[in-house]
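In our numbering, the protein residues as written are 1114 to 1506.
Heads up: the structure comes next, in structure tokens.
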Ligand SMILES: Cc1ncc(COP(=O)(O)O)c(C=O)c1O
């Protein structure tokens, strides 16, 4: 296994037309046009197959886009009280909540706002069944199909030691009459075939249960808006699945909704080369891997850089924090990067803005909405020193 995973995103779309110097730095920029294009792809899938699509707020939950996303999709997939509240306030449609475990203190508010509540264990199903029914929630159970084609264990929810989902063998002590749906999630940035393979692994166990169920939720990780995604095969599969099970089929993608719709713009603050010939060219930027793009370190992966030449000076880009590992990656530059020069990291809409932190007092990037159709630019959020202080006091 490679130390660094190759990112599956990184299509610049229209971002090479954006004047990076018009923005505050650092700054996340979402291209509304690109987002609409992704939403159109997903909406088309809905109309061809009858599948319901919920946006996974864990990946992207910018309230500004709630109304727009709600025009094209069916609602939200949330992971607990705060996301469920956000879904209700800014998005329209259904809310399906799944948490690995609900706290007693939160459950009433969650079921009051949700349409589907998905449990992860028999204990939780038994503890909260009555309150969920009282608030008219449809009850789901997450299963672990024990099948996935993911090499990185950090993103593999379907391995034997996963804490997410019940093993099929353990369903014997569940009263199936209590359930309206089954949920599973085994994919991560994947094309169609791993979904089909997952279903083939579990279908003999699940189809008999479907007589009593209203829906099946196939989780997220479907990279539907990627150029090479086999949408035709997915369409055929979804239609057959609905026929075979007589269930409403749901999917809840996060990444696919905003894939390649956002960049993180930053600035070179310093650039130098230690005299030791073994040491790399180094550039310090106001983008921090640890505070702004933690998946770069967590996965780890090397994000794509806008307009990176094939050859040139190799430069190691790193953040302004004190963490030695606050490294974005090594990139080619046409010439040694200059102080004040702007750069843009591609495909930074998902699992970034939702994960930023004020670690080390590093400034959180502003948020800008750009429309590549007409070059309109709007800065919708700037963080201040007071935001940092208030978080700690
Ligand atoms: C249960 C569940 N649903 C949906 C998603 C969204 O996945 P993605 O953003 O990869 O589409 C995830 C991601 O971890 C998840 O765990």
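The beta-carbon is built from N, C-alpha and C at its ideal position, and this holds for glycine as well.
Please check if any C-beta of chain C sits within less than 8 Å of the C-beta of residue i.
i, result
"residue 1446", "As a matter of chain content, chain C is missing from the structure shown, which is built from one protein chain."
Taking 7 Å as the limit between beta carbons, can you name the residues of its chain near residue i, skipping five residues before and five after?
i, result
"residue 1125", "1419 and 1459"
"residue 1444", "1418, 1421, 1428 and 1430"
"residue 1137", "1479, 1492 and 1495"
"residue 1294", "1229, 1251, 1253, 1326, 1327, 1328, 1329 and 1330"
"residue 1222", "1194"
Excluding the 5 residues preceding and the 5 following residue i in the sequence, name in chain order all residues of the same chain whose CB lies nearer than 6 Å to its CB.
i, result
"residue 1229", "1209, 1251 and 1253"
"residue 1186", "1166 and 1168"
"residue 1119", "none"
"residue 1465", "1406"
"residue 1275", "1257"
Give the DSSP-derived three-state secondary structure of residue i in the structure shown.
i, result
"residue 1484", "strand"
"residue 1115", "Residue confidence is low: residue 1115 scores 46 on pLDDT, short of 50, so the model does not pin down where it sits. No coordinate-derived value is stated."
"residue 1198", "helix"
"residue 1453", "coil"
"residue 1145", "helix"
"residue 1437", "coil"
"residue 1353", "helix"
"residue 1497", "coil"
"residue 1257", "strand"
"residue 1360", "coil"
"residue 1280", "strand"
"residue 1309", "helix"
"residue 1224", "helix"
"residue 1472", "helix"
"residue 1492", "strand"
"residue 1378", "strand"
"residue 1179", "helix"
"residue 1212", "coil"
"residue 1263", "coil"
"residue 1335", "strand"
"residue 1303", "strand"
"residue 1458", "strand"
"residue 1407", "coil"
"residue 1464", "coil"
"residue 1321", "helix"
"residue 1269", "coil"
Excluding five sequence neighbours on each side, which residues of the same chain lie with their C-beta closer than 8 Å to the C-beta of residue i?
i, result
"residue 1286", "1235"
"residue 1358", "1319, 1320, 1323, 1326 and 1329"
"residue 1183", "1204, 1205 and 1206"
My understanding is that residue i touches residue j, with C-beta atoms under 8 Å, so please give their C-beta distance in whole angstroms.
i, j, result
"residue 1171", "residue 1348", "The Cβ separation is near 26 Å, so there is no contact."
"residue 1441", "residue 1453", "The pair is not a contact, with the Cβ atoms about 18 Å apart (cut-off 8 Å)."
"residue 1278", "residue 1303", "Contact flag wrong, Cβ pair sits at about 17 Å."
"residue 1305", "residue 1363", "About 17 Å; that fails the 8 Å criterion."
"residue 1128", "residue 1481", "Not really, about 12 Å apart at Cβ, beyond 8 Å."
"residue 1401", "residue 1475", "5 Å"
"residue 1381", "residue 1433", "Rounded, the Cβ-Cβ distance is 11 Å, inconsistent with contact."
"residue 1457", "residue 1376", "4 Å"
Who are residue i's beta bridge partners in DSSP?
i, result
"residue 1426", "1446"
"residue 1188", "1167 and 1207"
"residue 1396", "1384 and 1430"
"residue 1251", "1229"
"residue 1414", "1118"
"residue 1329", "1295 and 1362"
"residue 1140", "1378 and 1479"
Any heavy atom of ligand 3 closer than 7 Å to the Cβ of residue i?
i, result
"residue 1407", "Judged by which ligands are present, ligand 3 is missing from the structure shown, whose ligands are ligand 1."
Handout entry: Three CB pairs or more closer than 8 Å across the region 1145 to 1157 and the region 1360 to 1374
Key = yes
Problem - Sufficient close CB pairs (3 or more, under 8 Å) joining the region 1188 to 1202 to the region 1377 to 1392 - result: no
Exercise for the section: Could you tell me whether the region 1255 to 1271 touches the region 1237 to 1247, where touching means 3 or more Cβ pairs closer than 8 Å? Expected result: no
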